[in-house]
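Trainee: Sending over a structure as structure tokens; questions will come in a sec.
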Amino acid sequence: MIFGLFRFDWTILLVIPGLIVSIWAQIKVKTTFERYSKVHTLRGLTGAAAARRILDANGLTHVRIEQINGHLSDHYDPRANVIRLSGSVYSYTSPAAIGVAAHEAGHAIQYAKGYAPIKLRAALVSITNFSSGLAIPLFFIGLILASDSLMLIGILLYAAIAFFQLVTLPVEFNASARAMAVLRSSGMLNKDELSASRKVLSAAAMTYVAALLTSLLTLLRLLLLANSRNRRN
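Pasting the structure below:
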């Protein structure tokens, strides 16, 4: 009975495109960052210095900048009002480092200006964390036990994950747009360096596109599995 549910599960093929795109996006962002990390900017600003200038220019002198461990682990923590930059960004003078640091400063500016999508994403974080650990297990337990209620709960929880990924896209693209705009207007980077930073941020953005694609394809798979079971009954 249980093996019969999955023996001809062609829907597993749906997740393959998302997996391929995700792997490609991770490779792309890593190789692009490494390529432009070997270039030094003419002005010699570090990622931390560039982020500090952007924050101060926007009245965010209270936002701190810290160095953390990890590779491309850079992020802005709105609860602590701190931008945390990895070693390859914090103290490096490459256009890759400055682009990433400016992007994180862009997130701080989003919060300061009350940018609606980032406020919505922040409100969804706890729901998404809760859903990520339960959605798939609940759905398949419901599928095995022939419980429509458990399958529905699993689908709804996973829909919350997909919605979070959808909201994340404008947040990330907007932060990169803010970063590029201020780098261009401030003169911190020249034309070639701006192009390099843009390529790094564009590659990073593809990881969020890949995450959304994977979520939507997985959600579609769950819906098809539930519909197939209902037809059999």
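In terms of the numbering used here, the sequence shown opens at residue 58 and continues consecutively. Where a beta carbon is used, it is the ideal one built from N, C-alpha and C, also for glycine.
1. Check Val139 in the structure and name its three-state DSSP category.
2. Give the DSSP bridge partners of His164, in chain order.
3. Are Tyr215 and Ser188 touching if we call contact CB-CB under 8 Å?
4. Decide if Arg136 is buried, meaning its Cβ has at least 16 other Cβ atoms within 10 Å, or exposed.
5. With a threshold of 8 Å, are at least 3 pairs of Cβ atoms found where one atom belongs to the segment 67-76 and the other to the segment 105-124?
6. Buried or exposed, going by whether 16 or more other CB atoms sit within 10 Å of the CB of Pro152?
7. Taking Gly144 as the reference, give the member of Gly156, Gly127, Asp134 and His160 with the closest Cα.
8. Out of Thr68, Thr89 and Trp67, which has the shortest C-alpha to C-alpha gap to Thr264?
9. Please name the residue in Leu273, Ile140 and Leu213 whose C-alpha comes closest to that of His119.
10. Where does Asp131 fall in DSSP's three states?
11. Helix or strand or just coil, what does DSSP make of Arg100?
12. State the CB to CB distance for the pair Ala154 and Val146, rounded to an integer number of angstroms; the pair is presumed to be in contact (CB under 8 Å).
13. Is the Cβ-Cβ distance between Leu246 and Ser254 less than 8 Å?
14. Identify the continuous beta strand (DSSP E) that holds Ile125 and give its terminal residues.
15. With a threshold of 7 Å on Cβ separation, who are the neighbours of Arg100 within its own chain once the five nearest residues in sequence on each side are excluded?
16. Counting only the same chain and skipping the five closest in sequence on each side, list residues whose C-beta sits under 6 Å from that of Val257.
17. Just to confirm my understanding: we take Leu277, look at its own chain, exclude 5 residues before and 5 after, and list those with CB closer than 7 Å. What are they?
18. DSSP on Asn247, reduced to helix/strand/coil?
19. For my contact list, Leu21 and Phe221 are in at a C-beta cut-off of 8 Å; report their separation, rounded to the angstrom.
20. I'd like to know whether the C-beta atoms of Arg241 and Leu251 end up nearer to each other than 8 Å.
21. Under 8 Å between the Cβ atoms of Leu177 and Val224?
22. Do Arg110 and Ser243 count as a contact pair if the criterion is CB distance below 8 Å?
Mentor: A quick look at the data gives this:
1. Three-state result, Val139: strand.
2. Under the DSSP definition of a beta bridge, His164 lacks any partner.
3. Taking the C-beta atoms as reference points, Ser188 is found nearer than 8 Å to Tyr215.
4. Arg136 comes out exposed.
5. With the rule of 3 Cβ pairs closer than 8 Å, the segment 67-76 does not count as touching the segment 105-124.
6. Burial check for Pro152: the Cβ neighbour count within 10 Å reaches 16 or more, so the residue is buried.
7. The candidate whose alpha carbon is nearest that of Gly144 is Gly127.
8. Ranking Thr68, Thr89 and Trp67 by Cα distance to Thr264 puts Thr89 first.
9. Among Leu273, Ile140 and Leu213, the Cα nearest to that of His119 belongs to Ile140.
10. Under the three-state reduction of DSSP output, Asp131 falls in the coil class, being neither helix nor strand.
11. When DSSP states are grouped into helix, strand and coil, Arg100 belongs to the coil group.
12. Right, their Cβ atoms sit about 4 Å apart.
13. A contact, by the Cβ cut-off of 8 Å.
14. From DSSP, the beta strand (DSSP E) with Ile125 extends over Arg121 to Ile125.
15. For Arg100, where only same-chain residues beyond five positions count, the Cβ hits under 7 Å are Met245.
16. Answer for Val257: Thr89, Phe90, Tyr93, Ala153 and Gly156, listed in chain order.
17. So the list reads Leu71, once near-sequence residues are dropped.
18. If DSSP states are grouped into helix, strand and coil, Asn247 belongs with coil.
19. No statement about residue 21 is possible, as the shown extent of the chain runs from 58 to 290 and does not include it.
20. In this structure, Leu251 lies closer than 8 Å to Arg241 by Cβ.
21. Closer than 8 Å, so yes.
22. A contact, by the Cβ cut-off of 8 Å.
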